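Okay, structure first, notes after.
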Amino acid sequence: MPTIKEKITHIFLGDFIGKGIGFITSIYLARVLGTEAFGIITIALSYAGYCAWASDMGLSTIGSREIAKPVDQRNYNSKQVLLAKFMLGILISLLGFAIIEFLNLSNEEKKIFQLYTLSIIPISLILEWHYNGLQRYGTVAISRVLTSSVYLILAVIFIHSATDIEKVPLFFIAGLIASAVFLGLINLKQPILKLPFGDFGQLKKLYHNGFQVGIGSFFTNMMQYLPPIIIGWFLTASDAGLYGAAMRMILAAMIIDRIFVQLLLPNLSSQWVVNRDLAIENMQYTSTWLIVIGTSLSIGIAISAPFIIDLFYGLEYAESTVLLSTLCIFLFLTFLNSLSAFGLVAIGRDHEFLKSTLLAGAVALILYVGAGFSKNLTLIVAMVSVAELIFVIASLYYFKKYVKISIIHPIIFTISLGIGLYYLSTLVSMPPLVEGFIAAIVMVPILWLVRVLDHDHFNWFKSKILR
Numbered sequence: 000m001p002t003i004k005e006k007i008t009h010i011f012l013g014d015f016i017g018k019g020i021g022f023i024t025s026i027y028l029a030r031v032l033g034t035e036a037f038g039i040i041t042i043a044l045s046y047a048g049y050c051a052w053a054s055d056m057g058l059s060t061i062g063s064r065e066i067a068k069p070v071d072q073r074n075y076n077s078k079q080v081l082l083a084k085f086m087l088g089i090l091i092s093l094l095g096f097a098i099i100e101f102l103n104l105s106n107e108e109k110k111i112f113q114l115y116t117l118s119i120i121p122i123s124l125i126l127e128w129h130y131n132g133l134q135r136y137g138t139v140a141i142s143r144v145l146t147s148s149v150y151l152i153l154a155v156i157f158i159h160s161a162t163d164i165e166k167v168p169l170f171f172i173a174g175l176i177a178s179a180v181f182l183g184l185i186n187l188k189q190p191i192l193k194l195p196f197g198d199f200g201q202l203k204k205l206y207h208n209g210f211q212v213g214i215g216s217f218f219t220n221m222m223q224y225l226p227p228i229i230i231g232w233f234l235t236a237s238d239a240g241l242y243g244a245a246m247r248m249i250l251a252a253m254i255i256d257r258i259f260v261q262l263l264l265p266n267l268s269s270q271w272v273v274n275r276d277l278a279i280e281n282m283q284y285t286s287t288w289l290i291v292i293g294t295s296l297s298i299g300i301a302i303s304a305p306f307i308i309d310l311f312y313g314l315e316y317a318e319s320t321v322l323l324s325t326l327c328i329f330l331f332l333t334f335l336n337s338l339s340a341f342g343l344v345a346i347g348r349d350h351e352f353l354k355s356t357l358l359a360g361a362v363a364l365i366l367y368v369g370a371g372f373s374k375n376l377t378l379i380v381a382m383v384s385v386a387e388l389i390f391v392i393a394s395l396y397y398f399k400k401y402v403k404i405s406i407i408h409p410i411i412f413t414i415s416l417g418i419g420l421y422y423l424s425t426l427v428s429m430p431p432l433v434e435g436f437i438a439a440i441v442m443v444p445i446l447w448l449v450r451v452l453d454h455d456h457f458n459w460f461k462s463k464i465l466r
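Numbered by numbering that gives the first Met the number 0, the letters in the sequence shown go through residues 0 to 466 in order.
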């Protein structure tokens with residue numbers, strides 16, 4: 000069994016290299032397409048993201064959680080999950096394809112949207128959830144690198160201006176197909192299609208359980224997918240492109256958060272069944288480190304935003320600077336939300352997860368639409384962070400009913416310190432990158448002095464991560 004250090008290395012390499020390549024692809028497309036065409040791609044990807052959500056409906060999460068359990072304690076097997084995903088994927092792709100015909104889009108935009116909608120089919124066949132449940136993160140890492148590499152290579156060879164925009168979704172689909180084929184070939188050694196299917200009553204129950212997680216994830220995905228659609232509807236495709244550029248920097252930084260989520264779901268699920276006291280103890284240490292790392296990362300990026308945008312995107316995207324700094328609040332809050340929201344799913348509290356996201360999602364939707372009517376891009380982006388805060392409060396309320404951890408003290412100290420460091424950066428005249436780096440680094444020793452971190456936290460980190 001791989002150690003936690005090895006698991007983290009595999010997840011990090013998969014995300015760092017895979018998303019790093021995807022990040023390079025996004026920067027390349029942003030530069031060669033321009034803000035308007037890049038904005039159309041950003042909006043179309045958001046639409047496809049909602050279609051992907053509907054085609055999954057929590058089944059991947061349920062699948063990973065089930066596969067992480069001992070065989071005799073599983074409610075569903077991988078074959079049932081795969082077939083459920085594939086059937087739902089076909090239905091949603093057809094439905095999504097038809098809906099586009101009724102949207103107020105040009106013929107070129109409709110074609111782009113419909114091509115992205117076709118990506119649902121290969122997505123439904125990708126077995127990442129299966130290998131995440133088995134904690135074979137190295138296999139998943141190779142799959143992600145393959146997807147991103149195919150996409151990048153095709154984009155660089157064939158896309159050189161906004162006139163090539165219709166090729167973008169085709170190359171995106173090609174990368175997904177490569178991943179589906181790779182994982183399918185790996186699975187031939189122990190083919191899940193040879194597992195028993197059960198009966199349709201079992202399938203119905205699987206859809207029902209997935210629905211609870213899926214509806215909740217609809218609102219959590221709202222943070223990523225809805226803003227570009229709102230911006231494109233109330234403002235322009237160029238504004239959506241500016242937002243997309245800033246958000247892609249945040250998504251790149253969320254690699255650390257993703258490592259936590261992928262480790263949390265299978266590890267906490269299995270540990271919760273065997274030793275709840277130990278699971279809670281580990282969650283206490285994990286929560287503190289998440290808060291500290293999330294704050295350091297967020298404050299460093301917020302201060303360095305002018306340098307980052309200019310370096311990666313150039314003058315055409317200069318207006319994305321303030322958007323990136325604003326979205327850093329969202330970045331910090333995602334660490335807290337991963338702790339509580341995904342924690343609820345990991346311990347099997349799907350109903351509580353659903354309730355928390357329904358409540359927060361309804362409020363977030365009102366905030367987004369209300370901000371859209373203002374036609375103020377910065378205000379809409381600010382609502383992304385406000386909405387995420389509502390999600391954090393709602394999920395923490397339910398999570399702390401089952402997992403008794405203390406997080407108020409570290410949250411107050413780290414947020415206060417982060418605000419203070421950001422304010423100080425406005426009073427000194429240094430290169431933004433240097434200021435951001437210094438602010439991120441000094442967080443840890445200061446938090447040590449105020450006892451947010453102590454020897455036990457570092458010993459735990461060393462024993463769990465560095466062993």
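Heads up, the beta-carbon is just placed ideally off N, CA and C, and yes, glycines get one too. Remember, it's a predicted structure, so these values are computed and weren't measured experimentally.
Do residue i and residue j have their CB atoms nearer than 8 Å?
i: A161; j: L32; result: yes
i: M246; j: V402; result: no
i: I99; j: T116; result: yes
i: L386; j: A363; result: Correcting the residue type first, residue 386 is Ala in the shown sequence and not Leu. Yes, the pair counts as a contact, with Cβ atoms nearer than the cut-off.
i: L151; j: L114; result: no
i: I254; j: G417; result: no
i: L187; j: T146; result: no
i: H159; j: I66; result: no
i: V144; j: A173; result: no
i: S384; j: F329; result: yes
i: S424; j: I290; result: no
i: S118; j: F85; result: no
i: I111; j: E35; result: no
i: G360; j: F199; result: no
i: I300; j: L323; result: yes
i: L205; j: Q79; result: yes
i: T235; j: P409; result: no
i: S462; j: Y396; result: no
i: P430; j: F306; result: yes
i: L179; j: I91; result: Note on residue identity: the sequence assigns Ala, not Leu, to residue 179. Not a contact, by the Cβ cut-off of 8 Å.
i: S394; j: N336; result: yes
i: A239; j: I42; result: yes
For residue i, I'd like the list of residues in its chain whose CB is within less than 7 Å of its CB, leaving aside the five on either flank, ordered along the chain.
i: F398; result: S339, G342 and L343
i: K193; result: none
i: L133; result: I66
i: Y284; result: H456 and W459
i: N74; result: E65
Exposed or buried, what is residue i when buried is set at 16 or more other beta-carbons lying within 10 Å of its beta-carbon?
i: T377; result: exposed
i: W232; result: exposed
i: Y422; result: exposed
i: A317; result: exposed
i: D349; result: buried
i: R275; result: exposed
i: L93; result: exposed
i: G313; result: exposed
i: V70; result: exposed
i: V391; result: buried
i: N103; result: exposed
i: F334; result: buried
i: S405; result: exposed
i: S373; result: exposed
i: S105; result: exposed
i: I411; result: exposed
i: A304; result: buried
So, at 8 Å on beta carbons, what are the nonlocal neighbours of residue i in its own chain, with the 5 sequence-adjacent residues on each side left out?
i: N220; result: G48, Y49 and W52
i: T294; result: F331, T413, I414, L416, G417 and M442
i: L28; result: F37, I40, A154, I158 and V167
i: A439; result: S295, L296, I298 and G299
Apart from the five residues just before and just after residue i, which ones in its own chain have a Cβ nearer than 6 Å to its Cβ?
i: T325; result: V380 and A381
i: T127; result: Residue identity differs from the one stated: residue 127 is Glu in this sequence, not Thr. Closer than 6 Å at Cβ, skipping near neighbours: V139.
i: G17; result: R143, V144 and S147
i: F22; result: A251
i: F157; result: K166
i: L82; result: none
Would you say residue i lies against chain E (beta-carbon separation less than 8 Å)?
i: F341; result: Protein chain content of the structure displayed is limited to a single chain, and chain E is not contained in it.
Would the C-beta of residue i count as close to the ligand GTP, meaning under 7 Å from any of its heavy atoms?
i: R30; result: Questions concerning the ligand GTP fall outside what the structure shown contains, since it holds no ligand whatsoever.
Contact between the region 239–258 and the region 221–228: three or more CB pairs below 8 Å?
-> yes
Cβ contact (3+ pairs, closer than 8 Å) linking the region 452–460 and the region 429–436 = no
Tell me, please, whether the region 52–63 touches the region 205–215 by the rule of three or more beta-carbon pairs shorter than 8 Å.
-> yes
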